[in-house]
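K.L.:
Take this structure first; my questions come after.
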Amino acid sequence: MNADAKFTRTLVTSALPYANGHIHLGHIAGAYLPADIYVRYLRLKGKPVLYIGGSDEHGVPVTLTALKEGSSPKDVVDRYHEANAEAFADLGISYDLYGRTIWDLHADTTQRFFRALDAGGHIERQEMVLWYSEQSDMYLPDRYVKGTCPRCGYEDANGDECENCGAQYAAEELIEPRANIPGDTSRPILKPSAHWFLKLRDFKDDLKAWLDSHPDWRANVRGIAYGWVDDLRDRCITRDTDWGIPVPVDDPEAQNKRIYVWFDAPIGYVTNTRQWGVEAKDDAAAWETWWKDPSTRLVHFIGKDNIPFHAVIFPAMLMGQGDFIVADNVVGNEYLNILNRMTGKAEKGSKSKGNMISVRDFLTRFSRDALRYYLCAIMPESRDAAFSWDEFLNRYNGELCDVVGNFVHRSLTMTVKNFDGVVPEPGPFDAEDQALLDSLPEQLDGIAQAFDQFRFRLAVERFIEMGRRANQYFDTKQPWVTRKTDRERTATTLYVCCQVVRVLCAAMAPFVPDGAAKLAETLGIEVFVGGPDGGPDSWDAAKTPLPAGTPLQPPVVLFPKLDKDYVAEIAERHARGEAL
Ligand SMILES: [Zn+2]
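Each residue of the sequence shown is one higher than the one before, counting from -19 in our numbering.
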């Protein structure tokens, strides 16, 4: 558990979202918000940390979208890459670099990976039979062919997997196949095609030893990873398409094929680290420290559908390079569903139901701190969670505003008003003052421990608990009464409150950065200073009391309350399937 002793820097990745649609709240709660919170926490601690993300832009869904809307794959990914990069920025997801898999640099990185695996004997050419449309004169990879699932009978199953029952099967098993191409009414035929396979079994022992050495990972990740490792099969890593990265083999059969999107996408983390080195450090070799030095700690944040790729396949690909590190943790979240107000039941977000909430739409109406707070408070860490408008309102207003925001505001307002805008000189501490002051480092450590264990809900709970305890203290001490009778007592109370506020400011910075920034300005302190090179530890610095006499700015409202009627109106619209 103690990563400090073994590692000197941390490389954090968030799953590359697919550039074929807008980022929605489900994505955010899975792979992005927890990663961003963790990265901001490490930066506050002054730890060297690099946070890499980007768009995943190859694959069949993109070419299908282009085909259906009469545009080009490049048009599709340009549009969604821009939109999603903007949505992440709006939400404060603080990537050091947000890259693209259509970059030439990425083709180079991917082909290097392929060649190294090939040279090590881990790639094998195999003949297989695939569905082929004579009318469209093309093979029908993945979703280009639809049919009836051989396992459950679902009639809209894809060529090699069923979205309904999760089954994977060989192409020829698909029943009643039909081409999923507008205007193509021909009946697909089976035709042989050569493809390249990654021999995952070569890595079985290494994968198992690696999983065995990480017993602290989340149960969901370990369960799925062990399930895969016990039943490893060769995986086809090429497709019949012209949208993707050329297969670097000297074979005429490879001409009309490209590397499978699931092979190239995770390599995007490496490419984007290379690009970061060039842009930020002007050093084309800077990335190697982050991917090859064993004192680098690699942590992947993903949604649960990505677990096999990050806990089995990509690690095998890294192992096959010979000199790359593999992940020290794979933090896989469960799903965030949407509560249906009519039925009171949680539903999966889906385009066809029209119940998905895009980050862009949401942030045109509500603050990012409100969204970040709520999603962190209900984060689907060990089981699915559901977004509910009522709960969004109640938890944000009732916890962040009423508990923490209120305590901070009344403490600072009273201090500024009664003590000339500075932290007052305290008198002697009584037992209650001392107990609260003594508890602050411990309370902050409790939150740090929760972050270190990737237990973000617990961090929020402890943070709110700190606010509750502070409010109790405030109510017991009644400074609004003592200010008329006992100035020294009031000064002591408010001095103690200022120290709590200072600790709250550090504790909130990872998940509600805007509120923390406003508060830091009021207190005249710096937060959020670290980065890839590390920096001073402003997290532990919060344990040092603000000296009496420290000037304070007039306090502002950190977390404006949400209007109940407005939230209800938006919730109604959402329930009717209208765009927000
Ligand atoms: Zn099925």
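For each residue, glycine too, the CB sits at the ideal point set by N, CA and C.
Treat the numbers as computed from the prediction; the structure is a model and nothing was measured.
Any residue with its Cβ nearer than 6 Å to a heavy atom of ligand 1 should be included. What is that list in chain order?
P.N.:
The set of residues with CB atoms less than 6 Å from any heavy atom of ligand 1 reads, in chain order, Cys129, Arg131, Cys132, Tyr134, Ala137, Cys142, Asn144, Cys145, Ala147.
K.L.:
Any idea if Ile155 is buried or exposed, counting beta-carbon neighbours within 10 angstroms, 16 or more meaning buried?
P.N.:
Stepping through the sequence shown from its first residue, residue 155 is reached at position 175. Answer is exposed; the Cβ neighbour count stays below 16.
K.L.:
Just verifying my parser: in three-state terms, what is the DSSP assignment at Val310?
P.N.:
Counting from one through the sequence shown, the residue named residue 310 turns up at place 330. Val310 falls in the strand class under three-state DSSP.
K.L.:
Per DSSP, which one or two residues make a beta bridge with His4?
P.N.:
Your numbering for residue 4 matches position 24 in the sequence shown. According to DSSP, His4 bridges with Ser338.
K.L.:
Could you give the DSSP three-state label for Asp303: helix, strand or coil?
P.N.:
Stepping through the sequence shown from its first residue, residue 303 is reached at position 323. Residue state, collapsed to three classes: coil.
K.L.:
Name the DSSP bridge partner or partners of Val19?
P.N.:
As a first step, residue 19 is located in the sequence shown; it is residue number 39 there, counting from the start. Val19 pairs with nothing; no bridge assigned.
K.L.:
Please give the ranges of any beta strand (DSSP E) in the region 25 to 49, keeping only runs that are unbroken, at least 3 residues long and fully inside the region.
P.N.:
29 to 35
K.L.:
Measure the C-alpha to C-alpha separation of Gln423 and Arg449 and round it to an integer number of angstroms.
P.N.:
Residue 423 sits at position 443 when you count from the first residue of the sequence shown. Residue 449 sits at position 469 when you count from the first residue of the sequence shown. Each residue's Cα considered, the two are about 11 Å apart.
K.L.:
Are Leu499 and Gly447 close, meaning C-beta to C-beta below 8 Å?
P.N.:
Counting from one through the sequence shown, the residue named residue 499 turns up at place 519. Counting from one through the sequence shown, the residue named residue 447 turns up at place 467. Going by C-beta atoms, Leu499 is not nearer than 8 Å to Gly447.
K.L.:
Using a Cβ-Cβ cut-off of 8 Å (strictly less than) and excluding sequence neighbours within five positions of Cys145, which residues of its own chain qualify?
P.N.:
By 1-based counting over the sequence shown, the position of residue 145 is 165. Within the same chain, Cys145 has close Cβ partners Cys129, Arg131, Cys132, Tyr134.
K.L.:
In chain order, what residues of the same chain have a beta carbon less than 6 Å from the beta carbon of Ala205, not counting five sequence neighbours either side?
P.N.:
Position 225 of the sequence shown, counted from the first residue, corresponds to residue 205. Same-chain partners within the cutoff: Leu191, Ala291, Val292.
K.L.:
Could you give the first and the last residue of the continuous alpha helix (DSSP H) run that contains Ile444?
P.N.:
As a first step, residue 444 must be located in the sequence shown, where it is residue number 464. Ile444 -> alpha helix (DSSP H) spans 436 to 457.
K.L.:
Sort Asn252, Arg345, Leu97, Ala326 by Cα distance to Arg363 and report the nearest one.
P.N.:
Taking the sequence shown and counting its residues from 1, one reaches residue 363 at position 383. The shortest C-alpha separation from Arg363 is found at Ala326.
K.L.:
Mind checking which residues open and close the beta strand (DSSP E) that includes Met108?
P.N.:
Here residue 108 corresponds to residue number 128 of the sequence shown, with the count starting at 1. From DSSP, the beta strand (DSSP E) with Met108 extends over 103 to 113.
K.L.:
Trp267: buried (16+ other C-beta within 10 angstroms of its C-beta) or exposed?
P.N.:
For the purposes of this step, residue 267 is taken as the residue at position 287 of the sequence shown. With 16 or more neighbouring CB atoms inside 10 Å of its own CB, Trp267 falls in the buried class.
K.L.:
Could you check if Pro232 is buried or exposed, using at least 16 other CB atoms within 10 Å of its CB as the buried criterion?
P.N.:
Numbered from 1 along the sequence shown, position 252 holds the residue referred to as residue 232. Label assigned to Pro232: exposed.
K.L.:
Tell me the residue span of the beta strand (DSSP E) that contains Gly407.
P.N.:
As a working mapping, residue 407 is identified with position 427 in the sequence shown. Unbroken run through Gly407: none, as it is neither H nor E.
K.L.:
Thinking C-beta only, is Leu343 closer than 8 Å to Leu71?
P.N.:
Counted from its first residue, the sequence shown places residue 71 at position 91. Counted from its first residue, the sequence shown places residue 343 at position 363. Yes, Cβ-Cβ distance for Leu71 and Leu343 is below 8 Å.
K.L.:
DSSP three-state label for Lys325, please.
P.N.:
Within the sequence shown, numbered from 1, the residue matching residue 325 stands at position 345. Three-state result, Lys325: coil.
K.L.:
Within a Cβ cutoff of 6 Å, which residues of the same chain sit near Ala65, ignoring the five residues on either side of it in sequence?
P.N.:
The residue given as residue 65 occupies position 85 in the sequence shown. For Ala65, where only same-chain residues beyond five positions count, the Cβ hits under 6 Å are Tyr78.
K.L.:
Based on the DSSP secondary-structure assignment, which residues constitute the bridge partners of Leu278?
P.N.:
What you label residue 278 is simply residue 298 of the sequence shown in a count that begins at 1. Its beta-bridge partners are Leu(-9).
K.L.:
Is it true that the region 27 to 43 meets the region 455 to 465, where meeting means three or more beta-carbon pairs spaced less than 8 Å apart?
P.N.:
no
K.L.:
Could you give the DSSP three-state label for Thr563: helix, strand or coil?
P.N.:
Given a span of -19 to 560 for the chain in the structure shown, any question on residue 563 remains unanswerable.
K.L.:
Residues in its own chain within less than 7 Å of Leu85 by CB, not counting five upstream and five downstream?
P.N.:
To locate residue 85, count along the sequence shown from 1; it is residue 105. So the qualifying residues of the chain are Thr251, Arg254, Gln255.
K.L.:
Skipping 5 residues on each side, what residues in its chain have a beta carbon closer than 6 Å to that of Ala428?
P.N.:
The count along the sequence shown starts at 1 and reaches residue 428 at position 448. Here the set comprises nothing.
K.L.:
In angstroms, rounded to a whole number, what distance separates the CA positions of Val181 and Met299?
P.N.:
Residue mapping note: residue 181 aligns to position 201 of the sequence shown, counting from 1. Residue mapping note: residue 299 aligns to position 319 of the sequence shown, counting from 1. Note that residue 181 is Arg in the sequence shown, not Val. Approximately 12 Å, taken between the alpha carbons.
K.L.:
First and last residue of the alpha helix (DSSP H) that includes Thr251?
P.N.:
Reading the sequence shown from its first residue, position 271 is the one you call residue 251. Unbroken alpha helix (DSSP H) run through Thr251: 241 to 261.
K.L.:
Counting along the chain, where does the alpha helix (DSSP H) carrying Lys397 start and finish?
P.N.:
Working through the sequence shown from its first residue, we reach residue 397 at position 417. Per DSSP, the unbroken alpha helix (DSSP H) holding Lys397 starts and ends at 386 to 398.
K.L.:
Between Lys541 and Cys356, how many whole angstroms is the CB-CB distance? I'm expecting something under 8 Å.
P.N.:
For the purposes of this step, residue 541 is taken as residue 561 along the sequence shown, with counting starting at 1. For the purposes of this step, residue 356 is taken as residue 376 along the sequence shown, with counting starting at 1. In fact, because the Cβ distance is near 19 Å, the residues do not count as touching under 8 Å.
K.L.:
Can you tell me which residues form a DSSP beta bridge with Lys541?
P.N.:
For the purposes of this step, residue 541 is taken as the residue at position 561 of the sequence shown. According to DSSP, which records beta bridges pairwise, Lys541 is partnered with nothing at all.
K.L.:
Between which residues of its own chain and Thr276 is the CB-CB distance below 8 Å, once the five residues before and five after are set aside?
P.N.:
Counting from 1 along the sequence shown, the entry for residue 276 is found at position 296. So the qualifying residues of the chain are Phe(-13), Thr(-12), Arg(-11), Thr(-10), Leu(-9), Thr269, Trp270, Ile305.
K.L.:
In whole angstroms, what is the alpha-carbon distance linking Pro360 and Ser330?
P.N.:
Position 380 of the sequence shown, counted from the first residue, corresponds to residue 360. Position 350 of the sequence shown, counted from the first residue, corresponds to residue 330. Those two C-alpha atoms are separated by around 18 Å.
K.L.:
Per DSSP, what are the beta-bridge partners of Cys216 in this structure?
P.N.:
As a first step, residue 216 is located in the sequence shown; it is residue number 236 there, counting from the start. Answer is Phe177.
K.L.:
Using a Cβ-Cβ cut-off of 7 Å (strictly less than) and excluding sequence neighbours within five positions of Lys544, which residues of its own chain qualify?
P.N.:
Here the question's residue 544 lines up with position 564 in the sequence shown. Once the five neighbours on either side are set aside, the close Cβ partners of Lys544 are Leu373.
K.L.:
If you run the structure through DSSP and keep just helix, strand and coil, what is Gln91?
P.N.:
Here residue 91 corresponds to residue number 111 of the sequence shown, with the count starting at 1. Three-state result, Gln91: helix.
K.L.:
For a quick check, are the C-beta atoms of Gly426 and Gly26 less than 8 Å apart?
P.N.:
As a position in the sequence shown, residue 426 is number 446, starting the count at 1. As a position in the sequence shown, residue 26 is number 46, starting the count at 1. It is not a contact, given that the beta carbons lie outside the stated cut-off.
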